[in-house]
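Everything on this sheet refers to the single structure shown next.
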Amino acid sequence: MKIHGNPHRTIETDAAENVRILDQTLLPHDVVWRTMTTWQDASKAISIMQVRGAPLIGVTAAFGVALAMRDDASDTSLDTVCKSLFATRPTAVNLRWGLDRMKAALGSLPSRERAAAAWSEAVQIADEDVRTNESIGRNGHELFQRIFEQKAASSGPLNVMTHCNAGWLAAVDWGMSLSPVYQAHDAGMPVHVWVSETRPRNQGAALTAFELNQHGVPHTLISDNAAGHLMQRGLVDLCITGADRVTASGDVANKIGTYLKALAAKANNVPFYVAVPVSTIDWTISDGVRDIPIEQRSSREVTHIPGRNSVGAQEEVLICPENTPARNDAFDVTPAALVSALITEHAVVDCSAEGLLVLKPA
Ligand code: MRU
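In this note's numbering, the protein residues as written are 23 to 384.
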């Protein structure tokens, strides 16, 4: 996708095998790239959310392992680094998936071959992510097309509501929930996106609005609390989100607030889709509320808001009385019954244990 008209990925490599990331903590106001030279850089980038979004943290962790193998390619190093990277964020299953891929590729190799193999595996994981998300977009676009055709010709653009950021900033390129939006827009369909701000970290306001703006997709920022109201007024044709983990029975963990949107969508007969790569499905668990670990983040994200002040500097302000206790669950679980369908790179499937079975690797 593009930033100021130039094509970019969220994580980029060059011929000299350098790797750099776009620092998402400074978006939308500043576009800053940071070179990672050690696995600790990758670990920090994931922990402090310079990179975030389920697929992207998996890819960043893979590059972290590749950087570690340059310094020490022993079994102990591989094991320690994978364990440390795995501990950075608990909810998105793609982190485990990326690290498992690296361990499988490297485990049986002699240590002298590991650095080169690790780099090539990490590059492959990143390239695959791009192709996967393009396919998610193609499948989602077909679905959008059908819904758009059912709309009265006079009733304006396809109005899509999304939550958090599952666009290209959450992946290497294209994104998951926004990939169909980009493909529909590029194919000439009039499409408009309701962008939920997504408190407390405001990934919708900061990141989704940034990337839609860069691509020229019409969009409107709304407060999280406006979602049900807009659905009730017939102003939303469909909701689409990404996910950090989907259980084998179709329960979906995604950014806090997703569950409320899904409830409002059900009550108002608005279809609610979840777009994910198959690597986001955790086949080892079934009950999302019981089994998906929910990341607890700092209460400061609830009590303070960052932004740009009138002289252009980024700063944080307190929005409640000092020392107000706050709780910050970063994700929630939407039961499968509230999801109209799962859009994946292979197919659009019913979001149920039976529906998901066609996606299960042999
Ligand atoms: O905490 P984040 O920003 O890493 O969370 C990301 C999300 O929850 C996104 O909404 C997304 O759907 C998952 S990434 C595809």
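All C-beta atoms in this analysis are idealised placements derived from N, C-alpha and C, irrespective of residue type, glycine included.
Original post:
Which of helix, strand or coil does DSSP assign to N291?
Top reply: Coil, per DSSP.
Original post:
Distance, Cα to Cα, A175 vs L260?
Top reply: Straight-line Cα distance between these residues: approximately 17 Å.
**OP:** Go to S157, then tell me how far its alpha helix (DSSP H) extends in each direction, as first and last residue.
**Re:** DSSP places S157 inside the alpha helix (DSSP H), whose first and last residues are 133-172.
**OP:** Please say whether W61 and A90 have beta carbons closer to each other than 7 Å?
**Re:** Yes, they are a contact pair.
Original post:
Looking at R31 and I68, is the spacing between their C-beta atoms short of 7 Å?
Top reply: At the C-beta level, I68 and R31 stay beyond 7 Å of one another.
Original post:
Using a threshold of 6 Å, is the CB atom of N345 nearer than that to any non-hydrogen atom of ligand 1?
Top reply: No heavy atom of ligand 1 is found nearer than 6 Å to the CB of N345.
Original post:
For N247, which of helix, strand or coil comes out of DSSP?
Top reply: In the structure shown, N247 sits in a helix (DSSP, three-state: H, G or I).
Subject >> N345 versus D45: straight-line alpha-carbon distance, rounded >> reply: Distance between the alpha carbons of N345 and D45 is about 30 Å.
Original post:
Of the residues A375, T366, L257, C104, which one's Cα is nearest the Cα of H241?
Top reply: The shortest Cα separation from H241 among A375, T366, L257, C104 belongs to L257.
Subject >> Between the CA atoms of G226 and N187 - distance to the nearest angstrom >> reply: Rounded to the nearest angstrom, the gap between the Cα atoms of N187 and G226 is 6 Å.
**OP:** Taking all protein chains shown into account, decide if A126 is buried (16 or more other Cβ within 10 angstroms of its Cβ) or exposed.
**Re:** By the neighbour-count rule (16 or more Cβ atoms within 10 Å), A126 is not buried but exposed.
**OP:** Could you check the C-alpha separation between G27 and N161 for me, to the nearest Å?
**Re:** Distance from the CA atom of G27 to the CA atom of N161, rounded to whole angstroms, is 26 Å.
Original post:
Between F108 and the rest of its own chain, which residues show a CB-CB distance below 7 Å, the 5 nearest in sequence each way excluded?
Top reply: Excluding residues up to 5 positions away in sequence, L117, R118, L121 lie with their Cβ nearer than 7 Å to the Cβ of F108 in the same chain.
Original post:
Would DSSP call S271 helix, strand or coil?
Top reply: Coil.
Original post:
Once you ignore the five residues that flank V203 on each side, which residues in its own chain have a CB closer than 7 Å to its CB?
Top reply: Excluding sequence neighbours, V203 sits near V182, V213, V215, V239.
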